[in-house]
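Have a look at the structure below, then the notes.
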Amino acid sequence: MAHVIRSICIVGGGTAGWLTAGIIAARHRSEDGQGIRIKLIESDTIGTIGVGEGTWPTMRTTLKKMGVSETDFFRECNTSFKQGAKFARWVTGDPSDFYYHPLVLPEGFPSLDLASAWMEYAEKRQDAPSFSNAVSYQEAVCELGLAPKLITSPEYAGIANYAYHLDAGRFVSFIRDHCVNRLGVHHVVDDVTRVVRSETGDIAYLETSKSGQLDGDLFIDCSGFRSLLLGETMGVPFVDCSDVLFIDRALAVQVPYDAADSDIVPHTVSTAQKHGWIWDIGLQSRRGVGYVFSSSHTTVDAALGELQAYIGEKHRSLQPREIKIHAGHRQTFWKGNCVAVGLAGGFLEPLEASALVLIELSAEMIGAMMPATRETMDIIAKRFNQTTQYRWDRIIDFLKLHYILSKREDSRFWIDNRDPASIPDSLKDQIELWRYRAPGDQDFTSNAEMFPAASYQYVLFGMGFRMDTSDLEPASHAGAIEQAFARNESLKIKWTKALPNNRNLINKIKEFGLQKI
Amino acid sequence: MHLVELSRAEHSELKINPDLAEASAAKQHLIPIVVSEFRKAATQYPIVFAKNPETGRFAPYVLNGLEPEENLFWSGTKMDVAYVPLNVRRRPFFVGMADTSSGANDNVLCIDIESSCIAASGQKSIVDPDGSDSPYLKEILSIVRTLVQGQEQTNTFISTALSLDLLCPIVLDIVLEDGKPLHVEGLYSIDEDRFRALDKDKVERLWNEGLLDLIYSVIVSTGQIFNLIRLRNERESLNLAWRDNEN
């Protein structure tokens with residue numbers, strides 16, 4: 165008789181555990197007892213890492229599908245808007261050196277190739293606008309500190325594309341309450357004392373301190389770096405990626421605002437340092453700031469000095485928290501009846517905020533592909549592993565791209581990052597192609613893509629990558645391209661006038677709420 | 041606009057021309073109303089819902105035109121319509137919130153002392169020669185009272201409609217007789233499909249709370265959109281005739 169999949173047991177109550185529970189429960193109608201039963205066991209003795217404060221725009225769909233109100237999310241999670249990232253000092257290291265990776269796609273993308281047209285223009289003119297400014301209005305919106313929508317915009321709808329900055333600790337409690345009260349997720353607070361496997365190698369049940377045995381047809385490992393189920397129990401080895409991505413340490417700190425009504429920067433600011441980079445994320449009540457660096461290139465004390473210099477006088481009252489990072493991921497992500505989501509599956513570094521989105525995508529995929537029986541699970545596991553491996557590879561390529569385009573010479577960290585031996589072949593191949601044409605959808609043909617070709621364009625041309633336009637065929641639709649550039653200019657004028665100050669809008673959302681329609 | 045709290049002593053000499061109140065709505069395509077006006081308003085205008093641009097909250101309005109700043113009922117001298125909303129008729133008076141020492145918010149009557157309704161030729165005063173409130177002021181006070189009381193019921197209606205998912209965005213795509221396309225966004229109405237799909241308990245609750253009549257008023261009023269299109273077409277052909285004369 166077929167072993168039907170009826171219940172899921174999630175181990176770990178951090179962001180990964182609760183988001184996964186919520187995404188699957190919403191999809192499988194767990195709340196009315198009709199669908200798959202989900203229980204989540206979390207320890208009250210093991211803390212969560214809880215640094216991840218930047219999301220992707222995907223979080224809007226994720227929360228909406230879970231039935232969360234965006235107004236509540238702003239009220240409960242110290243949430244603010246994120247309209248992409250501003251990268252400072254990544255190219256030359258000069259104080260004036262910056263570029264944007266906005267979330268609004270280039271005007272007319274992907275049917276129009278503004279990148280090649282911009283490159284041709286920029287080669288002739290010293291006063292050419294930056295790539296992101298020429299093709300998108302969002303940099304102008306960010307530089308003025310404006311929000312991406314209006315108080316009359318419905319929940320989750322934006323004028324400009326946006327994601328969020330959030331307080332990870334509050335976010336976990338918020339999602340937990342929603343999962344337990346609204347989505348029918350069964351919450352067990354206990355410690356797992358032993359993981360017991362059956363003769364087939366599957367996980368049979370968990371032994372706990374107080375709650376006896378917990379069983380499940382599918383076990384989801386959200387236990388964090390420890391990887392209790394997939395790593396420790398199922399013995400799936402860890403694949404180290406530190407030969408490509410050198411960041412292995414973070415110093416994180418919470419920085420108060422000067423005043424309660426200080427402006428909230430509506431994008432992530434990433435400022436390159438001598439041996440890594442500093443993230444700066446504006447929440448409602450404070451900033452989250454942290455220096456990620458390579459401990460084989462500098463010492464913690466030296467890094468602390470750089471972080472303090474960045475923060476300024478305020479650093480004296482602050483106590484940075486040190487976090488160790490092992491860049492890498494598990495060799496496979498689903499083995500037997502166990503799949504890992506979140507840090508238990510791997511982590512690289514916070515650049516481009518790929519951690520939360522990978523949780524969303526993985527949980528979404530598990531929910532969508534949910535095998536009907538244990539017998540069909542191995543087929544699903546194979547597909548899940550292929551897709552997830554592809555995603556990790558693309559993230560690694562994209563993160564590495566930021567480092568190899570830098571022209572900084574001020575430390576071994578930057579010079580070593582450009583060593584060809586540290587660059588994946590897949591990335592080298594792409595770069596070769598892009599010397600003669602702009603990144604396009606033809607480069608990213610999987611339905612499991614992480615970053616759109618537009619993101620590669622923003623980083624490449626933001627960082628001064630030169631494309632040889634001499635042999636480009638003349639554009640067959642020059643008129644349409646001219647119009648797209650003009651349209652972007654008029655959108656820039658329109659939205660820099662109409663969009664409200666970022667903090668003002670957040671205050672209004674908290675006071676009046678956003679409408680659902 | 042300059043609002044000050046009305047003082048019977050200080051403002052006793054003011055002369056007001058109430059006929060000019062309607063002129064202030066000459067360029068308003070949306071005028072807010074309260075639920076107690078729905079029945080009368082529905083005979084003249086489409087009743088729609090729109091978001092307050094400052095708070096994003098829904099309120100009911102009568103629709104006067106097919107684009108911003110268009111009031112098709114404005115004839116050049118008055119609102120040529122059988123029912124003029126209270127929010128026009130109260131002008132140049134407004135309801136303000138007084139900051140009281142106790143912290144409680146009290147409504148106070150304010151006047152816009154820069155309003156064009158205040159004119160030496162005006163026929164109305166706020167106080168009679170004996171110092172008592174004039175019939176004009178009494179009428180204004182009654183209008184304002186209706187608006188203030190109506191606000192609470194209106195809020196109840198809106199929150200009930202929202203909780204039952206009864207509001208939906210409407211987009212007007214209109215082609216005028218001369219071929220000009222008009223596209224109106226940002227308006228909301230009652231979602232009739234969802235309204236008709238409500239279960240008996242919910243309909244009964246609407247009935248008990250006196251909200252069912254209001255929903256039907258809104259639904260019936262939507263047909264008034266054809267009147268707006270007719271007025272707009274008339275205006276366009278009039279404009280055309282003017283231009284032809286000039287040539």
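Note that the protein sequences, when read in sequence, are chains C and R. Every number in the numbering used here is 164 more than the matching position in the first sequence, counting from 1. Every number in the numbering used here is 40 more than the matching position in the second sequence, counting from 1. The beta carbon of each residue, even a glycine, is placed where N, CA and C say it ideally should be.
Problem set entry | Separation of C:D385 from C:A508, as counted between CA atoms | Rounded to whole angstroms, C:A508 to C:D385 spans 6 Å at the Cα level.
Exercise. According to DSSP, what are the bridge partners of R:F235?
Worked result: Answer is none; R:F235 lacks a bridge partner.
Exercise. Between the beta-carbon of C:K250 and the beta-carbon of C:E319, is there less than 9 Å?
Worked result: no
Exercise. According to a CB-to-CB cut-off of less than 9 Å, which residues of the region 568-601 of chain C neighbour chain A?
Worked result: Among the chains of the structure shown, chain A does not appear; the protein chains present are C and R.
Problem set entry | the region 631-650 of chain C: positions lying closer than 7 Å to chain R by Cβ | none
Problem set entry | Segment limits, alpha helix (DSSP H) that includes C:H342 | Per DSSP, C:H342 belongs to the alpha helix (DSSP H) from 332-346.
Exercise. How close, in whole Å, do the beta carbons of R:C150 and R:V44 come, if the pair is a contact with beta carbons under 8 Å?
Worked result: With a Cβ gap of about 6 Å, R:C150 and R:V44 count as contacting.
Exercise. If we count the other Cβ atoms within 10 Å of its Cβ and call it buried at 16 or more, is C:S619 buried or exposed?
Worked result: Here C:S619 is buried. Its C-beta has 16 or more other C-beta atoms within 10 Å.
Exercise. Along chain C, which residues have their Cβ under 8 Å away from the Cβ of R:Y228?
Worked result: I681
Problem set entry | Contact set between C:F676 and chain R, taken where Cβ atoms lie within less than 7 Å | T95, G96, R97
Exercise. Got a sec, what are the start and stop residues for the alpha helix (DSSP H) R:V260 sits in?
Worked result: First-last of the alpha helix (DSSP H) with R:V260: 252-261.
For this session: Anything in chain C within Cβ reach of R:P169, meaning under 7 Å, just list it in chain order.
Result: Residues of chain C passing the Cβ test: none, with the nearest at roughly 47 Å.
Problem set entry | Nearest candidate by alpha-carbon position, reference C:S375, set C:G454, C:S362, C:T357 | Closest option to C:S375, Cα to Cα, is C:T357.
For this session: Could you tell me whether the Cβ of R:K242 comes closer than 9 Å to any Cβ of chain C?
Result: no
Exercise. What residues in its chain sit with their C-beta under 6 Å from that of C:Q472, if we drop five residues either side in the sequence?
Worked result: Answer for C:Q472: H479, listed in chain order.
For this session: Take the Cβ of C:V268 as the centre, count every other Cβ of all protein chains shown within 10 Å, and call the residue buried at 16 or more, exposed below.
Result: Burial check for C:V268: the Cβ neighbour count within 10 Å reaches 16 or more, so the residue is buried.
Exercise. Near R:V211, what residues of its chain come up, given a Cβ to Cβ distance below 6 Å and the 5 sequence neighbours on each side ignored?
Worked result: E225
Problem set entry | Residue interval of the beta strand (DSSP E) (run including R:L112) | That residue, R:L112, is in no beta strand (DSSP E); it is neither H nor E in DSSP.
Exercise. Out of C:L565, C:N668, C:R239, C:E396, which has the shortest C-alpha to C-alpha gap to C:F335?
Worked result: C:R239
Problem set entry | Euclidean distance between Cα positions of R:T83 and R:L206 | 22 Å
Exercise. Are the region 175-184 of chain C and the region 520-528 of chain C in contact at 8 Å, needing three or more beta carbon pairs?
Worked result: yes
Problem set entry | Contacts that R:P209 makes with chain C (C-beta to C-beta distance below 7 Å) | Going along chain C in sequence order, the residues near R:P209 (Cβ under 7 Å) are I681.
Exercise. Which residues in chain C sit within 7 Å of R:K91, going by Cβ to Cβ distance?
Worked result: T316, Q679
Exercise. What runs of the alpha helix (DSSP H), each 4 residues or longer, lie entirely inside the region 513-569 of chain C?
Worked result: Along the length of the region 513-569 of chain C, whole alpha helix (DSSP H) runs at least 4 residues long occupy 518-533, 538-568, reported in chain order.
For this session: Report the rounded CA-to-CA distance for C:D444 versus R:V124, giving the unit in angstroms.
Result: Rounded to whole angstroms, the separation of the alpha carbons of R:V124 and C:D444 is 55 Å.
Problem set entry | Span separating the alpha-carbon of C:P312 from that of C:P259 | A direct Cα-Cα distance of roughly 27 Å separates C:P312 from C:P259.
For this session: State yes or no: is the beta carbon of R:L202 nearer than 9 Å to at least one beta carbon in chain C?
Result: yes
For this session: Specify the secondary structure class of C:Q393 as computed by DSSP and reduced to three states.
Result: Reading off the sequence, residue 393 of chain C comes out as Leu, not Gln. Three-state result, C:L393: helix.
Exercise. What residue does the alpha helix (DSSP H) around C:N656 start on, and which one ends it?
Worked result: It is Lys, not Asn, that sits at residue 656 of chain C in the sequence shown. Here the alpha helix (DSSP H) through C:K656 covers 642-662.
Problem set entry | Where C:F273 sits in the DSSP three-state scheme | In this structure, C:F273 counts as coil in the three-state DSSP scheme.
Problem set entry | Helix, strand or coil at C:C306 according to DSSP, with G and I counted as helix | Assignment of C:C306 by DSSP, reduced to helix, strand and coil, places it in the helix class.
Problem set entry | 9 Å Cβ cutoff, C:K658 in contact with chain R | no
For this session: Give a single yes or no on whether C:V356 has its beta carbon closer than 8 Å to a heavy atom of the ligand COA.
Result: For the ligand COA, the structure offers nothing, since it holds no ligand at all.
Problem set entry | As assigned by DSSP and simplified to three states, the class of C:G452 | strand
For this session: Compare the C-beta of C:K228 against all C-beta atoms of chain R and say whether one is closer than 9 Å.
Result: The beta carbon of C:K228 does not come within 9 Å of any beta carbon belonging to chain R, so the residue lies off that interface.
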